[in-house]
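Visitor:
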Amino acid sequence: MKLKVVSYLDKGEFPLGEEEALALYRAMRRARFFDEKALTLQRQGRLGVYAPFMGQEAAQVGLALALKRTDWVVPSYRESALLLAHGLPIHTLLLYWRAHPAGWRFPEGVRAVNPYIPIATQIPQAVGLALAGRYRGEDWVVATSIGDGGTSEGDFHEGLNFAAVFNAPVVFLVQNNGYAISVPRAKQMRVDYIARRAEGYGIPGVVVDGNDAIAVYLEAKKAVARARKGEGPTLLEALTYRLAPHTTSDDPSRYRTREEEETWRRKDPLLRLRGALEERGLWDGEREKALLDELEEEFARELALADAAPEPRPEEIVEHVYKEMGPDQRRAWEVLRADA
Amino acid sequence: MRTLNLVQAVREALDLALAKDERVLVFGEDVGRLGGVFRVTEGLQEKYGEGRVFDTPLAESGILGLAIGLAMGGMRPVAEIQFAGFLYPALDQILSHLGRWRHRSRGRVGLPVVVRAPYGGGVHTPEQHADSPEAILAHTPGVKVVIPSSPERAKGLLLAAIEDEDPVFFLEAIKLYRGSRAEVPEGYYTLPLGKARVLREGGAATLVGYGGMVEVMLEAAEVAAREGVEVTVVDLETLVPLDEDTLLEAVRETGRAIVVYEAMRTGGFGAEIAARIAEGALDYLQAPVLRVAGWDAPYPPFSAVEHHYRPNAKRVLAALRQVLTH
Ligand SMILES: Cc1ncc(C[n+]2csc(CCOP(=O)(O)OP(=O)(O)O)c2C)c(N)n1
Numbered sequence: 001m002k003l004k005v006v007s008y009l010d011k012g013e014f015p016l017g018e019e020e021a022l023a024l025y026r027a028m029r030r031a032r033f034f035d036e037k038a039l040t041l042q043r044q045g046r047l048g049v050y051a052p053f054m055g056q057e058a059a060q061v062g063l064a065l066a067l068k069r070t071d072w073v074v075p076s077y078r079e080s081a082l083l084l085a086h087g088l089p090i091h092t093l094l095l096y097w098r099a100h101p102a103g104w105r106f107p108e109g110v111r112a113v114n115p116y117i118p119i120a121t122q123i124p125q126a127v128g129l130a131l132a133g134r135y136r137g138e139d140w141v142v143a144t145s146i147g148d149g150g151t152s153e154g155d156f157h158e159g160l161n162f163a164a165v166f167n168a169p170v171v172f173l174v175q176n177n178g179y180a181i182s183v184p185r186a187k188q189m190r191v192d193y194i195a196r197r198a199e200g201y202g203i204p205g206v207v208v209d210g211n212d213a214i215a216v217y218l219e220a221k222k223a224v225a226r227a228r229k230g231e232g233p234t235l236l237e238a239l240t241y242r243l244a245p246h247t248t249s250d251d252p253s254r255y256r257t258r259e260e261e262e263t264w265r266r267k268d269p270l271l272r273l274r275g276a277l278e279e280r281g282l283w284d285g286e287r288e289k290a291l292l293d294e295l296e297e298e299f300a301r302e303l304a305l306a307d308a309a310p311e312p313r314p315e316e317i318v319e320h321v322y323k324e325m326g327p328d329q330r331r332a333w334e335v336l337r338a339d340a
Numbered sequence: 001m002r003t004l005n006l007v008q009a010v011r012e013a014l015d016l017a018l019a020k021d022e023r024v025l026v027f028g029e030d031v032g033r034l035g036g037v038f039r040v041t042e043g044l045q046e047k048y049g050e051g052r053v054f055d056t057p058l059a060e061s062g063i064l065g066l067a068i069g070l071a072m073g074g075m076r077p078v079a080e081i082q083f084a085g086f087l088y089p090a091l092d093q094i095l096s097h098l099g100r101w102r103h104r105s106r107g108r109v110g111l112p113v114v115v116r117a118p119y120g121g122g123v124h125t126p127e128q129h130a131d132s133p134e135a136i137l138a139h140t141p142g143v144k145v146v147i148p149s150s151p152e153r154a155k156g157l158l159l160a161a162i163e164d165e166d167p168v169f170f171l172e173a174i175k176l177y178r179g180s181r182a183e184v185p186e187g188y189y190t191l192p193l194g195k196a197r198v199l200r201e202g203g204a205a206t207l208v209g210y211g212g213m214v215e216v217m218l219e220a221a222e223v224a225a226r227e228g229v230e231v232t233v234v235d236l237e238t239l240v241p242l243d244e245d246t247l248l249e250a251v252r253e254t255g256r257a258i259v260v261y262e263a264m265r266t267g268g269f270g271a272e273i274a275a276r277i278a279e280g281a282l283d284y285l286q287a288p289v290l291r292v293a294g295w296d297a298p299y300p301p302f303s304a305v306e307h308h309y310r311p312n313a314k315r316v317l318a319a320l321r322q323v324l325t326h
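These protein sequence lines are chains A and B, in that order. Heads up: the first sequence runs through residues 1 to 340, numbered per the UniProt record's numbering. Heads up: the second sequence runs through residues 1 to 326, numbered per the UniProt record's numbering.
Pasting the structure below:
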């Protein structure tokens, strides 16, 4: 059976109110602004290795805005936009990417956990977190995300099956950006759409144009509503493209063409949404400039906060291994303290 | 006092924990309706319902991932892995996440997870079912490893493990499940994690081990005593965090040490014990520290010869003779 790809913008449709549409655009613009700043900081040696998401803002922000702040986000390393839009402060995120311990403790009020580095391990954990909410009588939904390559891992399958069997309130977002570092989707799997796998677990699977913020947002909202009502998990596949390198250590010219990148640059999710907003008189150059000024100011403030974080102490290495430090950590702590 | 075997003692601890704390959940493969392949969880689903005691799909990584997520969300999962030899599909979750979450979240996400698994040989189990992977677990930062040697210890240690705020692996020697019986106090009690016990004192040498090897050490000590050689026997009980003080003191007293474990010898937890002794008690040693362990081979599925793999009193006594004549 042919799967339908949900999309609105390229058909000239705009099934969204003004306020929601503007909120989407603002959050996406803010995320892009962060991504650009982060890449610059990285080049200046003021950030560690960084995984940009440029091009995938619609997929991540679309999901984030479909959530309540009481819902949980369980992200992979490429989900900075999802984290930002779910309320993680910019300075925390900067410190995270600076590999500074102060950025690794996410603030109590933000229902998001640190990004996962091993591929796909977040998937079964997200299911457990979702069930914990049910046990505790909370109505939280868990949103977790993975790349197309990640869907080849066993944990992806185990996690989706667990979610289905336990009817867990989870939204699984697959950001299908066509590549796992250099390996194209065609070498990763033989199915046309990853969402098709949902049928194999007995759960709904939906494909959306991942560069169409309205499509992602509306489908994510449906999935979140289903989860909250106790109707179980959804696999949501967003077709998208990463416009930047895999990480700041990667050279994409070794595995993809400039033409391909250009094609996708024309489908930039920000430009598409902005175009649609402008056509409807909801946005213009002046508003864009005002927003950028605002973002510049906010970022400067947040960067100053990140810069003000105290130097990490060597003995922090052995802190928080256990709730109470064991004798072996205690001995190491003394040695490290003397090193400082 | 009534006596219980290890299966009954562990079951009683789970029962008490489920009754005491609503956040405690017991799950794994076949633990619900069947009550576990060793019947450890028998009757618990009937008593506490399918919400608290449940079967999972057959996927160990999924089970560990589920446990981690549940603990993140404020529950206190007690997961069963059917045999310790089937922890391997879950190693990614264990090595990459279970013990790391507190550290990587700088204290925000602590995981009070208990993973129970039967381990070890001596009862003619099929291939893979007799593995002793404690060294892999002990080599994982942020987790604790507890291996009880008797029913009454198991009950109190398991309840302490469930109360603990950090992840604890709780390995139960299959040989002891029905092969041990002891007086077990009624009611709820905990025993401290991270404390080794001196079970017997004697000046000739110190035997160090844990879990299923404790009865082997005690048997060897008994035989030696009949020949007039008194040895000290140390039950480590908790491998991580290790009670180095008790260990070193016991070795300093005798100047001779033999470490007994049933996992394969190379890279086993006994090597860690030997290293600690070398670091902390070298000046007291009158003989090299010896290891009596499984051979450097897979645990043999060949039941007619498997008893040659697992250390027994005879091999411990041979090592004792060796350190005494050094
Ligand atoms: C278990 C594991 N294997 C390999 C890696 C190295 N690695 C990091 S990202 C990546 C590709 C992931 O691709 P995909 O899931 O499509 O996500 P994307 O990076 O495109 O967002 C690989 C192989 C890893 N982090 N974890």
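Positions of the beta carbon are idealized from the N, C-alpha and C atoms, including for glycine. Keep in mind it's a predicted model, so treat the numbers as computed, not measured.
Determine, using beta carbons only, whether B:E244 comes closer than 8 Å to chain A.
Guide: Yes - at least one Cβ of chain A is within 8 Å of the one on B:E244.
Visitor: What residues match up with A:W97 in a beta bridge as DSSP calls it?
Guide: DSSP lists no partner for A:W97.
Visitor: Tell whether a beta-carbon distance below 8 Å holds between B:D235 and B:R276.
Guide: Going by C-beta atoms, B:D235 is not nearer than 8 Å to B:R276.
Visitor: Cβ of B:Q82 within 8 Å of Cβ of B:G32?
Guide: Their beta carbons are not under 8 Å apart, which means B:Q82 does not touch B:G32 by this criterion.
Visitor: So, do the stretch 47-58 of chain A and the stretch 260-274 of chain A have three or more beta carbon pairs nearer to each other than 8 Å?
Guide: The stretch 47-58 of chain A, when compared against the stretch 260-274 of chain A, does touch it at the 8 Å Cβ threshold.
Visitor: At which residues does the beta strand (DSSP E) containing B:Q322 begin and terminate?
Guide: Unbroken run through B:Q322 is the alpha helix (DSSP H), A313 to L324; no beta strand (DSSP E).
Visitor: B:A79 by DSSP, collapsed to three states: which one?
Guide: If DSSP states are grouped into helix, strand and coil, B:A79 belongs with the strands.
Visitor: Closer than 7 Å: is that where the CB of A:Q175 sits relative to any heavy atom of ligand 1?
Guide: Yes; taking the cut-off as 7 Å, the Cβ of A:Q175 has a heavy atom of ligand 1 nearer than that.
Visitor: Is A:D148 close to ligand 1? I mean its beta-carbon at under 7 Å from any heavy atom of the ligand.
Guide: Checking every heavy atom of ligand 1 against the Cβ of A:D148, one is found closer than 7 Å.
Visitor: Following a CB-centred definition, is A:Y179 positioned closer than 7 Å to any heavy atom of ligand 1?
Guide: Yes; taking the cut-off as 7 Å, the Cβ of A:Y179 has a heavy atom of ligand 1 nearer than that.
Visitor: In angstroms with no decimal places, state the Cα-to-Cα distance between B:A90 and A:L16.
Guide: Going by the C-alpha atoms only, they are around 44 Å apart.
Visitor: Would you report the Cα separation of B:D55 and A:H100, rounded to the nearest angstrom?
Guide: The alpha-carbon atoms of B:D55 and A:H100 are separated by roughly 41 Å.
Visitor: Please return the same chain residues whose Cβ sits closer than 6 Å to the Cβ of A:G149, not counting the five positions on each side in sequence.
Guide: Here the set comprises A180 and Q188.
Visitor: Rounded to a whole number of angstroms, what is the C-alpha to C-alpha distance between B:H124 and B:I174?
Guide: Each residue's Cα considered, the two are about 10 Å apart.
Visitor: Count Cβ pairs between the stretch 141-157 of chain B and the stretch 4-16 of chain B that sit closer than 8 Å; are there 3 or more?
Guide: Flag = yes, the stretch 141-157 of chain B and the stretch 4-16 of chain B touch.
Visitor: Tell me, please, whether the stretch 124-141 of chain B touches the stretch 157-165 of chain B by the rule of three or more beta-carbon pairs shorter than 8 Å.
Guide: No: fewer than three Cβ pairs fall under 8 Å.
Visitor: Are A:Y193 and A:V170 touching if we call contact CB-CB under 8 Å?
Guide: No, these two residues do not count as a Cβ contact at 8 Å.
Visitor: Kindly list the residues whose CB is nearer than 7 Å to the CB of A:L336, restricted to its own chain and excluding five residues on each side of it in sequence; keep chain order.
Guide: Answer for A:L336: P314, E315, I317 and V318, listed in chain order.
Visitor: Quick one: is A:V191 buried, meaning 16 or more other Cβ sit within 10 Å of its Cβ, or exposed?
Guide: Classification of A:V191: exposed, given that the 10 Å Cβ count is below 16.
Visitor: Tell me the rounded alpha-carbon separation between A:V216 and A:A23.
Guide: Between A:V216 and A:A23, the C-alpha separation is close to 14 Å.
Visitor: Does A:T40 come within less than 8 Å of chain B when only Cβ atoms are used?
Guide: Closer than 8 Å: no.
Visitor: Any chance the CB of A:P115 is under 7 Å from a heavy atom of ligand 3?
Guide: The model depicted lacks ligand 3 and carries ligand 1 instead.
Visitor: Indicate whether at least one CB of chain B lies closer than 8 Å to the CB of A:L218.
Guide: Not closer than 8 Å to any Cβ of chain B, the Cβ of A:L218 fails to qualify, so no.
Visitor: Taking C-alpha atoms, which residue in A:F14, A:E153, A:Y8 and A:V5 lies nearest to A:L282?
Guide: Selected option, being the one with the closest Cα: A:F14.
Visitor: Thinking C-alpha only, which one of A:L236, A:N211, A:D212 and A:A213 is nearest A:A223?
Guide: Comparing Cα-Cα distances from A:A223 to each of A:L236, A:N211, A:D212 and A:A213, the minimum goes to A:L236.
Visitor: Is A:H246 a contact residue of ligand 1, with contact defined as CB to any heavy atom under 7 Å?
Guide: At least one heavy atom of ligand 1 is nearer than 7 Å to the Cβ of A:H246, so yes.
Visitor: Would you say A:I90 touches ligand 1, meaning its beta carbon is less than 7 Å from a heavy atom?
Guide: No, the beta carbon of A:I90 sits no closer than 7 Å to any heavy atom of ligand 1.
Visitor: May I have the straight-line CA-CA distance separating B:I63 from B:Q93, to the nearest angstrom?
Guide: Going from the Cα of B:I63 to the Cα of B:Q93 covers about 9 Å.
Visitor: Please report how far the alpha carbon of A:R185 lies from the alpha carbon of A:R29, in whole angstroms.
Guide: Going by the C-alpha atoms only, they are around 28 Å apart.
Visitor: Going by DSSP in three states, B:L91 sits in which element: helix, strand or coil?
Guide: Note: B:L91 maps to helix in three-state DSSP.
Visitor: Relative to chain A, which residues along the stretch 91-104 of chain B have a C-beta separation below 7 Å, given in chain order?
Guide: Cβ contacts with chain A come from D92, Q93, S96, H97, R102, H103 and R104.
Visitor: Here's the rule I'm using: 16 or more other beta-carbon atoms within 10 Å means buried, otherwise exposed. How should A:I117 be labelled?
Guide: Label assigned to A:I117: exposed.
Visitor: With a cut-off of 8 Å on the beta carbons, I'd call A:A81 and A:V61 a contact; round off their distance for me.
Guide: Contact flag correct, Cβ pair sits at about 6 Å.
Visitor: My parser needs the alpha helix (DSSP H) runs of 4 or more residues fully inside the stretch 36-83 of chain A; what are they?
Guide: 57-64, all fully within the stretch 36-83 of chain A.
Visitor: In chain order, what residues of the same chain lie with their CB nearer than 8 Å to the CB of B:R100, ignoring the 5 residues before and after it?
Guide: Cβ neighbours of B:R100 beyond the five flanking positions: P141 and G142.
Visitor: Kindly examine ligand 1 and report whether one of its heavy atoms sits closer than 7 Å to the Cβ of A:R242.
Guide: Checking every heavy atom of ligand 1 against the Cβ of A:R242, one is found closer than 7 Å.
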